[in-house]
Structure formats: structure tokens, C-alpha cells
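Note sheet for the following structure.
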Amino acid sequence: MSIEIAIFLAIASGFAGFVDAMAGGGGLIQLPSLIIGLPNKELPLILGTNKVPSIFGTAAAARNYFKNIKPDIPLTLTMMLPAFIGSIAGAAMAAFVPVGFFRPFIVLLLILVAIYTWKKPELGMAENLKFTQSKRLVIVALIGFLIGFYDGIFGPGTGTFLVFFLVSVIGYAFLKASGTAKLVNIATNAGAILSFQLTGHIWWQLGLLLAVANVTGAIIGSHMAIKGGSALVRKVFLAVIFLLIARVAWDTFIS
Numbered sequence: 075m076s077i078e079i080a081i082f083l084a085i086a087s088g089f090a091g092f093v094d095a096m097a098g099g100g101g102l103i104q105l106p107s108l109i110i111g112l113p114n115k116e117l118p119l120i121l122g123t124n125k126v127p128s129i130f131g132t133a134a135a136a137r138n139y140f141k142n143i144k145p146d147i148p149l150t151l152t153m154m155l156p157a158f159i160g161s162i163a164g165a166a167m168a169a170f171v172p173v174g175f176f177r178p179f180i181v182l183l184l185i186l187v188a189i190y191t192w193k194k195p196e197l198g199m200a201e202n203l204k205f206t207q208s209k210r211l212v213i214v215a216l217i218g219f220l221i222g223f224y225d226g227i228f229g230p231g232t233g234t235f236l237v238f239f240l241v242s243v244i245g246y247a248f249l250k251a252s253g254t255a256k257l258v259n260i261a262t263n264a265g266a267i268l269s270f271q272l273t274g275h276i277w278w279q280l281g282l283l284l285a286v287a288n289v290t291g292a293i294i295g296s297h298m299a300i301k302g303g304s305a306l307v308r309k310v311f312l313a314v315i316f317l318l319i320a321r322v323a324w325d326t327f328i329s
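In this text, residue positions in the sequence shown follow my numbering: the first is 75, and each later residue adds one.
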């Protein structure tokens, strides 16, 4: 790999960490950059390598969030474990299921998320918890597994889906949802890394190099999110959704 490609991938990873720390969706930037920069590498290796900078950047962002935001520890842990298991299962199937199979469904789901969020400007501006605590734990466990599976087998938009679910279904404010999503995303990344490592589909040298850039971007992004509050996170969230729709739709129906 040339120095020029390494620099390109590092810049992309840094920007991905910045975006992901605020509202999720870093995979929108990082995964395509790896596919472009490593055209001769097999997809499972790219997917596995992609998880290395992601987990470091996500951990850095999570640390910043929870220095300033009090998490619901039981709910977060209840969501993390099924997400970890789901991610292992998804990564194990990544080599057998064509990525294109998911794209039309993802485009439709993202459009519905965008419409729902856009039409409800008050959504996520303040915490308004729904259900009893016991019901919330059951719901987050199920959704954690499903989103974890998606993250393992494909990935882009995982953090965005987590934020939307926590805001719209559980009733979190955007800022707390983004912070909680980071911890759950650590679990999904860890599960995927374990699965990809067992099959030898991680380029560790490149992954660790990109991790430095991703962590830098994540620290800056999480600081900005905390300073700007839920109003800023909502704006970035909507921008990320529209970019995700454009990117996945292009890959599905045009390219």
C-alpha cells in the first residue's frame, strides 16, 4: 500500500470518527474509503479491518460522553450483551450473504426514519421515557441483537439506527441516546472483531494506524456534541441519514 493511500484512508477515518461520535454513521465514510483504497482486497478483510478503528474511536467518544452524561447502566448492559452476540453471528455470515441483499431494505428503512424524525421536531429534545423499566430491558435486548447482527454482516448506519431507536422507542434525548449508542457500538464492534479474527480477516497494521485518526476525530466530535446538546446532535443525525440514503441508494440502484 502506498503512502498516498495510507494518508487518504487516515483522513477518511478521522472524519468518520468525528461524524460517528456525534450521531453515528461513520461507516458511511470509512467503509467506502477502504473499498476504494483497497480494490484488490476481499470484502471480508475490508469489513474486519474496518472494525478496528471503529472500536477505538467509539470507545474514545463513549468516555467523553459519560464524563458528562449519567448513563442508565442496567439498560446499557442489557443492550450490549445481545448486541455482542448478534454481531458475532452477523460477522460469521458476512462471507456467505451478498451485501446487495440488504441494501433495498436499508434504503426504505432510512427513508422512514428520516421522515419520522423530520416531522417531529420535538423528538429527542428532552428525555421522555416510555414503558416500565422491565419492559424497556426486554425491548433493548431484542433490538440490540438485531442491530448487532446487522453491524456484523454489513455495518454502515449502525450507530444511527441505535440513536433513532433509543430516541423514538425508549424516549431518550438525542445527546444521551448518542452516548448510550457508543457503548452498545463497542459491543457490536468487539463481537465482529472476534468473529473476523477467527477467520483471519483483519489487517491489524492498517486497522491500528487508522484507529489513531479515528480516535482523534471521535474526541473532537463528542466534545462538539456535548457542547451543542441534543439540538446539534439532531441536526447532524438528520444530515447523516440523508447521506446514508444517498449512498446506499446509489450503490443499490445506480452503480
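Glycine included, every Cβ here is placed at the ideal spot set by N, Cα and C.
When the distance is taken between beta carbons, is residue j closer than 8 Å to residue i?
{"i": "Arg321", "j": "Leu102", "result": "yes"}
{"i": "Ile244", "j": "Lys204", "result": "yes"}
{"i": "Ser319", "j": "Ile185", "result": "The question names Ser, yet the displayed sequence has Ile at residue 319. Yes; because the gap between Cβ atoms is below 8 Å, this pair is in contact."}
{"i": "Leu83", "j": "Leu284", "result": "yes"}
{"i": "Gly111", "j": "Ile79", "result": "yes"}
{"i": "Ile221", "j": "Phe238", "result": "no"}
{"i": "Phe228", "j": "Ser161", "result": "no"}
{"i": "Ala97", "j": "Val258", "result": "no"}
{"i": "Thr150", "j": "Thr254", "result": "yes"}
{"i": "Pro156", "j": "Gly218", "result": "yes"}
{"i": "Ile267", "j": "Ala134", "result": "no"}
{"i": "Pro118", "j": "Ala168", "result": "yes"}
{"i": "Thr66", "j": "Pro178", "result": "Outside the shown range of the chain (75 to 329) lies residue 66, about which nothing can therefore be said."}
{"i": "Gly281", "j": "Ala95", "result": "no"}
Rounded to the nearest angstrom, how far is the Cβ of residue i from that of residue j, given a contact under 8 Å?
{"i": "Ala163", "j": "Gly226", "result": "7 Å"}
{"i": "Ala22", "j": "Val181", "result": "With the chain represented from 75 up to 329, any question about residue 22 goes unanswered, as that position is not in the structure."}
{"i": "Val214", "j": "Met153", "result": "4 Å"}
{"i": "Tyr190", "j": "Ser242", "result": "7 Å"}
{"i": "Gly99", "j": "Gly231", "result": "6 Å"}
{"i": "Gly291", "j": "Gly88", "result": "4 Å"}
{"i": "Ala247", "j": "Ala200", "result": "6 Å"}
{"i": "Ile120", "j": "Ile109", "result": "6 Å"}
In the DSSP assignment, find the alpha helix (DSSP H) that holds residue i and state where it starts and stops.
{"i": "His70", "result": "Since the displayed the chain opens at 75 and closes at 329, residue 70 lies outside it and no answer follows."}
{"i": "Ser269", "result": "Phe248 to Leu272"}
{"i": "Ser208", "result": "Gln207 to Ile227"}
{"i": "Ala200", "result": "Counting along the chain, Ala200 falls outside any alpha helix (DSSP H), and DSSP gives it neither H nor E."}
{"i": "Asn142", "result": "Run containing Asn142: none; DSSP gives neither H nor E here."}
{"i": "Lys330", "result": "Nothing can be reported for residue 330, as the shown portion of the chain is limited to 75 through 329."}
{"i": "Met96", "result": "Ile77 to Ala97"}
{"i": "Ser107", "result": "Gly101 to Gly111"}
{"i": "Thr234", "result": "Thr232 to Phe239"}
Any heavy atom of the ligand SAM closer than 7 Å to the CB of residue i?
{"i": "Leu186", "result": "By its list of ligands, the structure shown contains no ligand whatsoever, and the ligand SAM lies outside what it can speak to."}
Does residue i pass the burial test, meaning 16 or more other C-beta atoms within 10 Å, or should it be called exposed?
{"i": "Val171", "result": "exposed"}
{"i": "Ile300", "result": "buried"}
{"i": "Gln279", "result": "exposed"}
{"i": "Gln104", "result": "buried"}
{"i": "Phe316", "result": "exposed"}
{"i": "Lys209", "result": "exposed"}
{"i": "Asn124", "result": "buried"}
{"i": "Trp192", "result": "exposed"}
{"i": "Lys256", "result": "buried"}
{"i": "Ala264", "result": "buried"}
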